[in-house]
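Some notes on the structure that comes next.
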Amino acid sequence: MFKNVNDLTDAVRKAVETTVVTDVHTHLFPPSYDEALLWGADEILTYHYLVTELFTVAPHSLTCEKFFSLPKSAQADLVWEHIFLKGGALSEAARGVITTFNHLGLDVAGRDLAGIRKWFAEQNIDEYLAKVFEMANIDYAVMTNSAFSAAEADFWRQDLPVPDCLKTSLRIDTLFDDGWEKAVEVMSDAGYDVKIEPDDKTYDEVRRFLVDWSERIKPVYFAASIGPDEFAYGDDNPFTHVIDRAVMPAAVEVGVPFALMIGARGAVNPNLRAGGAGVGVADVMSLTRMLQNHADGKFLVTMLSRDNQHELTVLARKFGNLHLFGCWWYCNNPSIIDEMTRQRLELLGTAFTSQHSDARVLDQLIYKWSHTRKIVADILVEKYSDLFAAGWRPTQEEITRDVRAIFGGSFEAFLEK
Ligand code: RAT
Ligand code: ZN
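Numbering of the sequence shown is given in the numbering used here, commencing with residue 13 and proceeding in unit increments.
Here's what the structure looks like:
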């Protein structure tokens, strides 16, 4: 039992600093997938969050086309020059690079990019991956494994080694909207009897395709990112039919949740490639209808628009088969993480997953989790202090339990449900 509030808050800070986290959504791959696993100085500097930022300050003469035609190292040089040397490195993505290099013991004060590159070139990727997971204190990270990518199918066919710290998820965006024709082509080529104008047989074959992929890769969940306008569930539209007749039956059969990432407005500026999507407010009623119609299914959900967060959090109180996760992309900024995490704690207790990294570059695990831990620690210190002042006496075990809950424990309990 803690004698005073200072001892309690020290214990809370220590628990947040040391609790192992589960990273429920990333874009990482195993080292055996060679160049698919991104890591190192040039990759971290050319993260699409930073490339997008570069074009807010770059000279007019630097077009996206010109930028993307350059070798990676020259792209990284431009980001370094404009965002870090000529700019203030103040954005969250830029600060993340500094935090990462600093935690790795590299010379950020000296701004020695050449020395930093040299250090990365000396690393062995298998050892480095283990080191990064240890530094970020992550038990495992969930990858994004597309069911419709030829490259990915090739990796699985070769049965390449995947370390225990990486688990799979089955990404199925291609089934929706603009992707449908490509999805039909991929499924047909793989021997499934599917038609562009779907009939009963087509939906059943899509279900079978998803179940077969699940047998192959054993996903933790199915996942898709859906734009705010496309997220229109409940009407007589293709999106609703594919969800009702193929995706949810397959997810229930496999026994996994369907993870929906809602609100990225696709390719607002396609010239920016991966960074070209915007954000839009989505209709939470669409999700409500989905939950009402699929009481037997489970849903992991994150939304991109700040405006959607309150309504979404209230919804999670109404449905035990809805689990919220992460502060996604444009919400993964300290001010919004702070607001969202407080809101979720105040409405849901610990029944949510406070963060995912969305790391595309291995090294990013270091900063994404260290930045999040700091914000979560400040919030929990305040919450536990309020409880202490009200006479409640939390124990060390309870604090450890609660911190783990929002860092992955509740996610695992939801999977088991
Ligand atoms: O945050 C991101 O990196 C986005 O580009 C998307 O990848 C998003 O996270 C997604 O999984 O669709
Ligand atoms: Zn992602």
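Every residue gets a Cβ at the ideal spot worked out from N, C-alpha and C, and that includes glycine.
By the Cβ test, the stretch 131-139 is not in contact with the stretch 73-93, since fewer than three Cβ pairs between them sit closer than 8 Å. Minimum Cα-Cα distance from R257 among the listed residues D247, R385, R219 corresponds to R219. Exposure of K194 is indicated by the presence of fewer than 16 other C-beta atoms within 10 angstroms of its C-beta. DSSP links M273 through a beta bridge to S237, T314.
For R385, the closest C-alpha among the options E424, E409, A133, N344 is that of N344. Across the structure, E77 and H60 are spaced so that their CA atoms are roughly 14 Å apart. The stretch 233-246 and the stretch 298-308 touch, with three or more beta-carbon pairs separated by less than 8 Å. Taken through DSSP and simplified to helix, strand or coil, I378 comes out as helix.
In this structure, V254 lies near F188, with their beta-carbon atoms less than 8 Å apart.
Taking C-alpha positions only, I418 is separated from G203 by approximately 42 Å.
Sorted by position in the chain, S237, W341, D370 make up the residues whose C-beta lies under 5 Å from a heavy atom of ligand 1. Counting the other Cβ atoms within 10 Å of the Cβ of K213 gives fewer than 16, which makes it exposed. Between ligand 2 and the CB of H39, the shortest heavy atom gap is smaller than 7 Å. Sequence-distant partners of G52 (beyond 5 residues in either direction) whose C-beta falls short of 6 Å from its own C-beta, in its chain, are F132. Setting aside the 5 residues that flank it on each side, E217 is surrounded in the same chain by Y204, D205, V206, each with a C-beta closer than 6 Å to its C-beta; the list follows chain order. Residue state for A70 is assigned as coil, using DSSP reduced to three classes.
Contact between the stretch 334-341 and the stretch 363-381 is present: three or more C-beta pairs spanning the two stretches fall below 8 Å. For ligand 2, no non-hydrogen atom lies closer than 7 Å to the CB of T64.
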